[in-house]
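Asks: Handing you a structure now.
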Ligand code: PAF
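In the numbering used here, the protein residues as written are 2 to 278.
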């Protein structure tokens, strides 16, 4: 497994890769969710490149950039075991040299949900992912369904900018009690961790109501809210039932819907989602 820190070396190594290249962009502190993407990339491609880069431009000044969990050695040994070919681990100076001044934005899709709570977040994500795509030039790239809006935004960017790659979205990987795996779960206190499966429970409630014929979004959201409010440590940032492609809020679910939410436990903000229909 090669570990590469500069853009020039990464581009040179890419030229030597023969056959299809699968790429998994990450911010490190890897868990089973990331590894499922790496495995899928391995199944579908000749070579696998993983980037580890905690991208400062997707964090607002009030967010947890300096505290974001990091453990490079652990990440590298996990990736080595998965048979990763190249790990790209650039520095901030390498990615955003002095005078850096170019941004990539997807407009409408980034406004609701995560975008309404974190208005500058997606501009950072699309910019870094675009740069990484230009550096790694993957044939296929792998994102998790847990960040449903991010996956949609990346797909839209790839389509609108005629990028020559396929964006593959893989299922959310969960802990045995249903909590979606996330690098941020380590911030939870033992008490908060006990309450955190309420996100999954509320999604299962939505699924159950839907499977029994409920199509009124307000009714489903109402019952989910009541359930979440029973968990004293949980504070709702948003819960939404939206169109799976445009992310516009739905009153009535016709065929399908994205049920998504952000719930805060103290300062830790957890997200989760489920597609109905
Ligand atoms: O999902 C993430 O970890 C990040 O948003 C990504 C895609 C690696 C960009 O920094």
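From the three backbone atoms N, C-alpha and C, an ideal C-beta is built for every residue, glycine too.
Using the three-state DSSP reduction, which class does residue 250 fall into: helix, strand or coil?
Replies: Residue 250 sits at position 249 when you count from the first residue of the chain shown. Note: residue 250 maps to strand in three-state DSSP.
Asks: Cβ of residue 128 versus every heavy atom of ligand 1: is any distance shorter than 7 Å?
Replies: In the chain shown, residue 128 corresponds to position 127, counting from 1. Because no heavy atom of ligand 1 lies under 7 Å away, the Cβ of residue 128 does not count as near it: no.
Asks: Can you name, in chain order, every residue of its own chain whose Cβ lies under 8 Å from the Cβ of residue 7, other than the five neighbours on each side?
Replies: Reading the chain shown from its first residue, position 6 is the one you call residue 7. Here the set comprises 91 and 95.
Asks: For ligand 1, any of its heavy atoms closer than 7 Å to the Cβ of residue 79?
Replies: The residue given as residue 79 occupies position 78 in the chain shown. No, the Cβ of residue 79 stays beyond 7 Å of every heavy atom of ligand 1.
Asks: Where in the segment 217 to 269 do unbroken runs of the alpha helix (DSSP H), each at least 4 residues long, occur, reported from the N-terminal end onward?
Replies: Listed in chain order, they are 218 to 230.
Asks: Rounded to whole angstroms, what's the CA-CA distance from residue 43 to residue 179? Just pull it up for me.
Replies: Along the chain shown, one-based indexing puts residue 43 at 42. Along the chain shown, one-based indexing puts residue 179 at 178. Near 26 Å, if we compare the C-alpha coordinates of residue 179 and residue 43.
Asks: DSSP puts residue 23 in a beta bridge; with which residues?
Replies: If you number the chain shown from 1, residue 23 lands on position 22. According to DSSP, which records beta bridges pairwise, residue 23 is partnered with 49 and 141.
Asks: Is it buried or exposed for residue 15, if we count other Cβ within 10 angstroms and need 16 for buried?
Replies: Within the chain shown, numbered from 1, the residue matching residue 15 stands at position 14. Buried: at least 16 other Cβ atoms inside 10 Å.
Asks: Compare the beta carbon distance of residue 73 and residue 34 with 8 Å and say whether it is the shorter of the two.
Replies: Translated into the one-based positions of the chain shown, residue 73 becomes position 72. Translated into the one-based positions of the chain shown, residue 34 becomes position 33. Not closer than 8 Å, so no.
Asks: Is the beta carbon of residue 107 sitting closer than 8 Å to the one on residue 137?
Replies: Within the chain shown, residue 107 is the residue found at index 106, counting from 1. Within the chain shown, residue 137 is the residue found at index 136, counting from 1. Not closer than 8 Å, so no.
Asks: Any heavy atom of ligand 1 closer than 7 Å to the CB of residue 148?
Replies: Stepping through the chain shown from its first residue, residue 148 is reached at position 147. Checking every heavy atom of ligand 1 against the Cβ of residue 148, one is found closer than 7 Å.
Asks: For residue 162, count neighbouring Cβ atoms within 10 angstroms of its own Cβ and tell me buried if that reaches 16, exposed if not.
Replies: For the purposes of this step, residue 162 is taken as residue 161 along the chain shown, with counting starting at 1. Exposed is the call here.
Asks: Is it the case that the segment 256 to 269 contacts the segment 228 to 240, given that we only count it when at least three CB pairs across the two stretches are under 8 Å?
Replies: Verdict: yes, contact present.
Asks: Assuming residue 160 is part of the alpha helix (DSSP H), what are its boundary residues?
Replies: Sequence index remark: in the chain shown, residue 160 carries index 159 (1-based). Here the alpha helix (DSSP H) through residue 160 covers 149 to 161.
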